[in-house]
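A.B. asks: I have a structure here, written as structure tokens, and I will follow up with some questions on it.
Protein chains: 2
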Amino acid sequence: MGNNDIKSGLGRIVQQTMPDIVEIRLREYLKEQSFKPGDALPKEMDLAESLGVSRNVVREALSRLRMLGMVETRKKRGMVLARPDILSSFERVLDPLIIGESTLRDIFEIRLTLEVGLADLLYLRKTPKDVDELEQIAINQKVTGGRQTFRIKNEIAFHGKIYQMTGNETLQRFQSMLLPVFGYLVSLEKVPIIGKVSHLDLVNILKNGTKEEFRQGMLEHLEHHFRKLKSM
Amino acid sequence: MGNNDIKSGLGRIVQQTMPDIVEIRLREYLKEQSFKPGDALPKEMDLAESLGVSRNVVREALSRLRMLGMVETRKKRGMVLARPDILSSFERVLDPLIIGESTLRDIFEIRLTLEVGLADLLYLRKTPKDVDELEQIAINQKVTGGRQTFRIKNEIAFHGKIYQMTGNETLQRFQSMLLPVFGYLVSLEKVPIIGKVSHLDLVNILKNGTKEEFRQGMLEHLEHHFRKLKSM
DNA sequence: TACATTTGTTATGTAGTACATAAGTACTAT
DNA sequence: ATAGTACTTATGTACTACATAACAAATGTA
């Protein structure tokens, strides 16, 4: 067994520092006291005193919560619990160069899973206007044709539009922040392969076909990706 | 137009503090210099001097990156860039009591989307052993029967097992950290409704049926949830 | 020479003080 | 009563000091 196995199996023992502890305590405190967005928090000095640490440490912990959007601070008025944006924290660590290869593949699979599963939301919320716009994108692709950069841009536009049509804002933002990851993966491909079902085919299904047909169509559109997964 | 519209439309102008700026600068720095996991960072004092800020500010920024798992610090050895766990940062802000209602619904939809789309991965990776275990869970449910707490626990076990069977670790962890959210949503339900397709039905499809049948089965299993979405 | 122990150096971790700044609050004058 | 002023207070930033851990070098011993 190589050294790598040990590392990934055990992970490093990280000595908890005071800010770590204070961060956790603060989270617990906010929960226990069932703070709601808008409520005011005690001031830094009081917290430091209660916890028996320096103001410095408290500030580090607060800085973290602030970064996550859990609290906002204003001079003199003190701190207020806020409603964090769940995805912004996610975005911060999502860099294809930093995250590991297995995670990269996981994320790719999740995308495929989502797009095949999207059919129901799509048929629930799609509007004729949306479908028209999607068609325009698909047509544009056919016109501009093969060139690589255009192809990728259009690919993004098409699939992005589909996510947007679901009316699920979180999903949409999730997809948009995954784009760099896919861009990275596509750049690794040497020869771009085109699926059996084209974007225009998908649009036509959306116009006249059923949910099941769309799912099947999307599946075939993405099929070569799934084939690649099989061999991994 | 009510005050609420203004608030949600504009959002608060947040004055950027020095730690905010330093955090961003550090990220840029890491990217530009194309640091790889394991590489050593400059020491705090050097950073503070280069950036023209106090060590305090640098430490706050570093504390944030440390929380996200982007850097690890060890006494004397300095800091090294680490491979962040993309989901742990996510987990920190995922509290059903804090996140807004619309986001809650979005997440719920994402779960449904995922589970319907899972079929392909599932058929790609499932083993007879997995299917047996899943069957056991489904049988247990039938035996223990109706009691509420058991029912929920079993529901979690069943769907959790399915995620596990996909072999996608990220997906699995994602699901497990969403559990509190669903627990919260279920607790809001007054009368639990059972889908047309039971867990045992799904197991049988997994044994003898096709991917398409499974997708259809899962869809009907979750159908009452989709119905609820329609009326929102 | 090889190994164990001690000492020293250095970078991070924590505490504490000081002051700037912004945002309320109370008070005053027209 | 309103406008303007002075005061108060909590956060933001800087600086100093020292504890602690980890590595490095030097010293001592077999």
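Sequences listed follow chains H and L, in order.
In terms of the working numbering, the first sequence is residues 523 to 754.
In terms of the working numbering, the second sequence is residues 523 to 754.
Positions of the beta carbon are idealized from the N, C-alpha and C atoms, including for glycine.
Of all the residues that make up the region 631-659 of chain L, which are near chain H by a beta-carbon distance shorter than 9 Å?
C.D. replies: Hits within the stretch, in order: GLU631, ILE632, LEU634, THR635, LEU636, GLU637, VAL638, GLY639, LEU640, ALA641, ASP642, LEU643, LEU646.
A.B. asks: Let me confirm a value: ASP527/L is counted as buried when at least 16 other C-beta atoms fall within 10 Å, else exposed. Which label applies?
C.D. replies: One-based indexing of the second sequence puts residue 527/L at position 5. For ASP527/L, the pLDDT reaches just 38, beneath the cut-off of 50, and the residue's location in the model is therefore unreliable, although a value from the coordinates is still provided. Exposed is the call here.
A.B. asks: Could you tell me which whole alpha helix (DSSP H) segments of length 4 or greater appear in the region 668-748 of chain L?
C.D. replies: DSSP runs (the alpha helix (DSSP H)) wholly in the region 668-748 of chain L: 670-687, 691-710, 721-730, 733-743.
A.B. asks: I'd like to check one pair, LEU700/H with ARG633/H: are the Cβ atoms closer than 9 Å?
C.D. replies: Taking the first sequence and counting its residues from 1, one reaches residue 633/H at position 111. Taking the first sequence and counting its residues from 1, one reaches residue 700/H at position 178. Yes.
A.B. asks: Would a check of beta-carbon distances place GLY622/H closer than 9 Å to chain L?
C.D. replies: Translated into the one-based positions of the first sequence, residue 622/H becomes position 100. Yes, GLY622/H counts as interfacial toward chain L.
A.B. asks: From TYR706/H to GLU566/H, what distance separates their C-alpha atoms?
C.D. replies: As a working note, residue 706/H is residue 184 in the first sequence. As a working note, residue 566/H is residue 44 in the first sequence. Approximately 43 Å between the Cα atoms of the pair.
A.B. asks: For chain H, is any of its Cβ atoms less than 9 Å away from the one on ASP561/L?
C.D. replies: Along the second sequence, one-based indexing puts residue 561/L at 39. With 9 Å as the cut-off, ASP561/L does not count as an interface residue toward chain H.
A.B. asks: Unbroken alpha helix (DSSP H) runs of length 4 or more, entirely within the region 562-621 of chain L: which are they?
C.D. replies: Counting whole runs of 4 or more residues, the region 562-621 of chain L contains the alpha helix (DSSP H) stretches 566-573, 577-589, 608-614.
A.B. asks: So is GLN738/H in contact with chain L if we call contact Cβ pairs under 9 Å?
C.D. replies: Your numbering for residue 738/H matches position 216 in the first sequence. So yes, GLN738/H belongs to the interface.
A.B. asks: Could you tell me how far apart the beta carbons of THR692/H and ASP628/L are, in whole angstroms, since I believe they sit closer than 8 Å?
C.D. replies: Residue 692/H sits at position 170 when you count from the first residue of the first sequence. Residue 628/L sits at position 106 when you count from the first residue of the second sequence. Yes, they are in contact, since the Cβ atoms of THR692/H and ASP628/L sit about 4 Å apart, within 8 Å.
A.B. asks: Taking just the CA atoms, how far does SER720/L sit from HIS747/L?
C.D. replies: Walking along the second sequence from the start, residue 747/L turns up at place 225. Walking along the second sequence from the start, residue 720/L turns up at place 198. Going from the Cα of HIS747/L to the Cα of SER720/L covers about 14 Å.
A.B. asks: Which of the three DSSP states is assigned to THR649/H in this structure?
C.D. replies: Taking the first sequence and counting its residues from 1, the one referred to as residue 649/H is at position 127. THR649/H falls in the coil class under three-state DSSP.
A.B. asks: I'd like to know if the region 541-555 of chain H and the region 582-598 of chain H are in contact, where contact means that at least 3 CB-CB pairs between them fall below 8 Å.
C.D. replies: Enough Cβ pairs lie closer than 8 Å, so yes.
A.B. asks: Along the alpha helix (DSSP H) that carries THR625/H, what are the first and last residues, could you check?
C.D. replies: Within the first sequence, residue 625/H is the residue found at index 103, counting from 1. Element bounds for THR625/H: 623-639.
A.B. asks: Hey, does ARG547/L have any beta-carbon neighbour from chain H nearer than 9 Å?
C.D. replies: Start at 1 with the first residue of the second sequence, and residue 547/L comes out as number 25. It does not: the Cβ of ARG547/L has no partner Cβ on chain H nearer than 9 Å.
A.B. asks: Using the rule of at least 16 other Cβ atoms within 10 Å of the residue's Cβ for burial, across every protein chain shown, is THR649/H buried or exposed?
C.D. replies: Within the first sequence, numbered from 1, the residue matching residue 649/H stands at position 127. Exposed is the call here.
A.B. asks: Show which residues of chain L have a CB atom less than 7 Å away from the CB atom of PHE672/H.
C.D. replies: Here residue 672/H corresponds to residue number 150 of the first sequence, with the count starting at 1. Neighbours of PHE672/H on chain L: none; closest Cβ ~27 Å, over 7 Å.
A.B. asks: So, with DSSP's three-state summary, where would you put LYS750/H?
C.D. replies: Taking the first sequence and counting its residues from 1, the one referred to as residue 750/H is at position 228. In the structure shown, LYS750/H sits in a helix (DSSP, three-state: H, G or I).
A.B. asks: To the nearest angstrom, how far is the alpha carbon of GLU735/L from that of ASN676/L?
C.D. replies: Position 213 of the second sequence, counting from 1, holds the residue named residue 735/L. Position 154 of the second sequence, counting from 1, holds the residue named residue 676/L. Each residue's alpha carbon lies about 23 Å from the other.
A.B. asks: Leaving aside the five residues before and after ALA660/L along the sequence, list all residues of the same chain whose C-beta is less than 7 Å from its C-beta, in chain order.
C.D. replies: One-based indexing of the second sequence puts residue 660/L at position 138. Once the five neighbours on either side are set aside, the close Cβ partners of ALA660/L are PHE680, HIS721, LEU722, VAL725.
A.B. asks: Mind checking which residues open and close the alpha helix (DSSP H) that includes LYS553/H?
C.D. replies: Taking the first sequence and counting its residues from 1, one reaches residue 553/H at position 31. Looking at the DSSP string, the run of the alpha helix (DSSP H) that includes LYS553/H is 540-554.
A.B. asks: With distances taken from CA atoms, which of GLN697/H, ARG588/H, SER572/H, PRO702/H is nearest LEU636/H?
C.D. replies: Residue 636/H sits at position 114 when you count from the first residue of the first sequence. When only C-alpha atoms are compared, the closest one is GLN697/H.
A.B. asks: Does ASP782/H pass the burial test, meaning 16 or more other C-beta atoms within 10 Å, or should it be called exposed?
C.D. replies: Beyond the ends of chain H as shown, which are 523 and 754, falls residue 782/H; an answer cannot be given.
A.B. asks: What do you reckon, is the C-beta of ARG614/H under 8 Å from a heavy atom of the ligand MG?
C.D. replies: You won't find the ligand MG in this model; it holds no ligand whatsoever.
A.B. asks: Leaving out the 5 sequence neighbours to the left and right, which residues in its chain are closer than 6 Å to GLY689/L when beta-carbon positions are compared?
C.D. replies: Indexing the second sequence from 1 puts residue 689/L at position 167. So the list reads ARG647, once near-sequence residues are dropped.
A.B. asks: Mind reading off the beta-carbon distance from SER611/L to LEU590/L? Whole number of angstroms is fine, and I expect it under 8 Å.
C.D. replies: Locating residue 611/L in the second sequence gives position 89, counting from the first residue. Locating residue 590/L in the second sequence gives position 68, counting from the first residue. Confirmed, Cβ separation roughly 5 Å.
A.B. asks: What does the alpha-carbon distance come out to for the pair GLN658/H and GLU594/H?
C.D. replies: Here residue 658/H is taken as the residue at index 136 of the first sequence, counted from 1. Here residue 594/H is taken as the residue at index 72 of the first sequence, counted from 1. One C-alpha to the other measures close to 43 Å.
A.B. asks: Would you say MET592/H and VAL615/L are within 9 Å of each other, going by their C-beta atoms?
C.D. replies: In the first sequence, residue 592/H corresponds to position 70, counting from 1. In the second sequence, residue 615/L corresponds to position 93, counting from 1. Yes, the Cβ-Cβ distance between MET592/H and VAL615/L is below 9 Å.
A.B. asks: Going along chain H in order, which residues have a C-beta closer than 9 Å to the C-beta of PRO478/L?
C.D. replies: Only positions 523 to 754 of chain L appear in this structure, which leaves residue 478/L out of reach.
A.B. asks: Would ASP561/L and LEU603/L qualify as a contact pair, given that the criterion is a beta-carbon distance under 9 Å?
C.D. replies: Here residue 561/L corresponds to residue number 39 of the second sequence, with the count starting at 1. Here residue 603/L corresponds to residue number 81 of the second sequence, with the count starting at 1. In contact: ASP561/L and LEU603/L (Cβ atoms closer than 9 Å).
A.B. asks: Please list, in chain order, the chain H residues whose beta carbon lies closer than 8 Å to that of ILE727/L.
C.D. replies: The residue you call residue 727/L lines up with position 205 of the second sequence. The contacting residues do not exist; ILE727/L stays about 15 Å from chain H at best.
A.B. asks: In chain order, what residues of the same chain lie with their CB nearer than 8 Å to the CB of GLY717/H, ignoring the 5 residues before and after it?
C.D. replies: Along the first sequence, read from residue 1 onward, the residue named residue 717/H stands at position 195. These residues qualify, in order along the chain: GLU742, HIS743, LEU744, GLU745, HIS746.
A.B. asks: Skipping 5 residues on each side, what residues in its chain have a beta carbon closer than 8 Å to that of LEU728/H?
C.D. replies: To locate residue 728/H, count along the first sequence from 1; it is residue 206. Only LEU644, LYS648, VAL653, LEU656, PHE736 meet the Cβ criterion.
A.B. asks: Straight-line CA distance for TYR551/H to ASN578/L?
C.D. replies: Along the first sequence, read from residue 1 onward, the residue named residue 551/H stands at position 29. Along the second sequence, read from residue 1 onward, the residue named residue 578/L stands at position 56. One C-alpha to the other measures close to 25 Å.
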